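There are 2 protein chains.
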Amino acid sequence: MTKLDIPRKTVYRLSLYQRGLQWLKANGTQTVSSVALARAAGVKPTQLRKDLAYFGQFGTRGLGYSVESLSQKLTEVLGTARLQPVILLGAGNLGTALLGYYNGFAKEGFEIVAAFDAVQGMRLTSGRKQPVLPVSALAGYVREHGIKMAILAVPATAAQEVVNIVVAAGIQAILNFAPLILQVPEHVVVNNVDLAIELENLSYFIR
Amino acid sequence: MTKLDIPRKTVYRLSLYQRGLQWLKANGTQTVSSVALARAAGVKPTQLRKDLAYFGQFGTRGLGYSVESLSQKLTEVLGTARLQPVILLGAGNLGTALLGYYNGFAKEGFEIVAAFDAVQGMRLTSGRKQPVLPVSALAGYVREHGIKMAILAVPATAAQEVVNIVVAAGIQAILNFAPLILQVPEHVVVNNVDLAIELENLSYFIR
DNA sequence: AATTGTGAATTGATTCACAGCT
DNA sequence: AGCTGTGAATCAATTCACAATT
């Protein structure tokens, strides 16, 4: 079974399970059933079991799952065992906000190590630990530090251009906040977070 | 065909098509084919046509779709014809950021009319047009102004409690940024935006 | 000639039902 | 007795293939 045979939705739910497990661990719970953990993740128990089955057998029949060892296994599968350096592209309104937000994420396995912006030394310079560098330094930085992940928070008009630069420099995954569909090569993964569309989508459901 | 027979994913893509159409309209383009519009939305042309087929026939064979009239139709279907008042729950780090971000959204059909926080008069008071009200005023405000949509940006520990209040007061749709699965009645729609999980998910795909 | 609209075929995801362990 | 693991069945979404229309 290769990584590509595993449904993206399954991988996504793994993170939900992981969160449930963290919560249980903090509570001192040792063991959890698929029913209980599935409820915390908002899915059906059979789905949770099927999801885990892609990666192996982690439970004990009649008993459930060990919170500690399942969460360890998920960490391994998800690749969050080591702290992952991430760069922030765009230090405007949204970018600044995200920086503040993600600064609390070291415990989740990610650290924003630098920000880049067309305008150097933006708002966020003061009181932040990350430097705000010019776009001209982007390709070099990514290559030199072997950065694999980027958060994209530039205006839609600049997005594709910036993406081309980081992709050429070796970026493998992009969390995209810009409201457009990015064109990237096969081997680059993009997750889109589109706040305007989420709101618009909700408005369909209110009568 | 009732609203519930239409796949959520289809509704979601409608917003992507709408965005493509806006872009074409701004460019002065009159007509667009399913191939071209689908590319802008990052989907296959047949999917776009199937999606539209849920709502009717809007194209002209041999020619394509009228940019103007299709976008008008989507506005109608999505329910974004009128400006929709939205409340922001939580005026902390992320909440403040979202407020700044969504302030640019009046053109998209949404307006944040008030923010609520446990701590009154938070950071964002100065320079913002929206009042920051205490949670005690929440239920009354929602009922009085007939608010239907809320953006939830409070800590996970407070989230369910706040949701219970707004749901009881009549809220119908929630854009949830808090990292947990909310328990809500059938008739309330929740869209989750989980930034930590999006990053974690990406880390699975980098080798 | 070009392009939509759509039934049929396919692919993918979820849920069921129960065998297999502890 | 309780709960996982999983093949089979079901349900849902996507894509194909082509007839219909301008």
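Taken in order, these protein sequences are the chains called A and B.
Mapping of the first sequence onto this note's numbering: position 179 corresponds to residue 179, and the numbering continues sequentially without gaps.
Mapping of the second sequence onto this note's numbering: position 154 corresponds to residue 361, and the numbering continues sequentially without gaps.
Even for Gly, the Cβ is constructed at its ideal location relative to N, Cα and C.
Because the structure is a prediction, the values reported are computed rather than measured.
Residues bridged to residue i [DSSP beta-bridge criterion]
i, result
"residue 271 of chain B", "B:267"
"residue 324 of chain B", "B:341"
"residue 292 of chain B", "B:318"
"residue 238 of chain B", "B:273"
"residue 151 of chain A", "A:88 and A:175"
Where residue i falls, given that 16 or more other Cβ within 10 Å makes a residue buried
i, result
"residue 315 of chain B", "buried"
"residue 386 of chain B", "buried"
"residue 201 of chain A", "buried"
"residue 104 of chain A", "exposed"
"residue 196 of chain B", "This structure cannot speak to residue 196 of chain B, because chain B is shown only from 208 to 414."
"residue 233 of chain B", "exposed"
"residue 73 of chain A", "buried"
"residue 321 of chain B", "buried"
"residue 212 of chain B", "exposed"
"residue 20 of chain A", "buried"
"residue 326 of chain B", "exposed"
"residue 390 of chain B", "exposed"
"residue 303 of chain B", "buried"
"residue 164 of chain A", "exposed"
"residue 208 of chain A", "Only positions 1 to 207 of chain A appear in this structure, which leaves residue 208 of chain A out of reach."
"residue 379 of chain B", "buried"
"residue 267 of chain B", "exposed"
"residue 276 of chain B", "exposed"
"residue 264 of chain B", "exposed"
"residue 287 of chain B", "buried"
"residue 248 of chain B", "buried"
"residue 260 of chain B", "exposed"
"residue 366 of chain B", "buried"
"residue 357 of chain B", "buried"
"residue 375 of chain B", "exposed"
"residue 156 of chain A", "exposed"
"residue 38 of chain A", "buried"
"residue 106 of chain A", "exposed"
Delimiting residues of the beta strand (DSSP E) encompassing residue i
i, result
"residue 191 of chain A", "189–192"
Neighbouring residues, chain B, relative to residue i (Cβ below 7 Å)
i, result
"residue 19 of chain A", "386"
"residue 84 of chain A", "410"
"residue 175 of chain A", "405, 406 and 409"
Host alpha helix (DSSP H) of residue i (start-end)
i, result
"residue 163 of chain A", "156–168"
"residue 209 of chain A", "As shown, chain A starts at 1 and ends at 207. That puts residue 209 of chain A outside it, with no answer to give."
"residue 41 of chain A", "34–41"
"residue 186 of chain A", "No alpha helix (DSSP H) holds residue 186 of chain A; DSSP gives it neither H nor E."
"residue 259 of chain B", "252–260"
"residue 181 of chain A", "Element bounds for residue 181 of chain A: n/a, residue is neither H nor E."
"residue 97 of chain A", "93–102"
"residue 197 of chain A", "195–205"
Contacts that residue i makes with chain A (C-beta to C-beta distance below 7 Å)
i, result
"residue 287 of chain B", "200 and 203"
"residue 312 of chain B", "196"
"residue 249 of chain B", "181"
"residue 222 of chain B", "197, 200 and 201"
Residues that residue i contacts on chain A, provided the C-beta gap is smaller than 8 Å
i, result
"residue 315 of chain B", "196, 199 and 200"
"residue 396 of chain B", "202, 205 and 206"
Interface residues of chain B facing residue i [CB-CB closer than 8 Å]
i, result
"residue 148 of chain A", "413"
"residue 172 of chain A", "412, 413 and 414"
"residue 101 of chain A", "300, 301, 304 and 402"
Partner residues on chain A for residue i, Cβ-Cβ distance less than 9 Å
i, result
"residue 218 of chain B", "201, 204 and 205"
Worksheet item: Using 8 Å as the threshold, is the segment 293–311 of chain B in touch with the segment 338–356 of chain B, meaning 3 or more CB pairs across them?
Response: The answer is yes - the segment 338–356 of chain B touches the segment 293–311 of chain B, with three or more Cβ pairs under 8 Å.
Discussion item. Measuring CB atoms only, is the segment 76–85 of chain A touching the segment 38–47 of chain A, in the sense that at least three cross pairs come out at less than 8 Å?
Written reply: Touching, no, given that fewer than three Cβ pairs across the two stretches are closer than 8 Å.
Worksheet item: If we count Cβ pairs, one from each stretch, closer than 8 Å, do we get three or more for the segment 263–276 of chain B versus the segment 225–241 of chain B?
Response: With a cut-off of 8 Å, the segment 225–241 of chain B and the segment 263–276 of chain B count as touching, because enough Cβ pairs lie within range.
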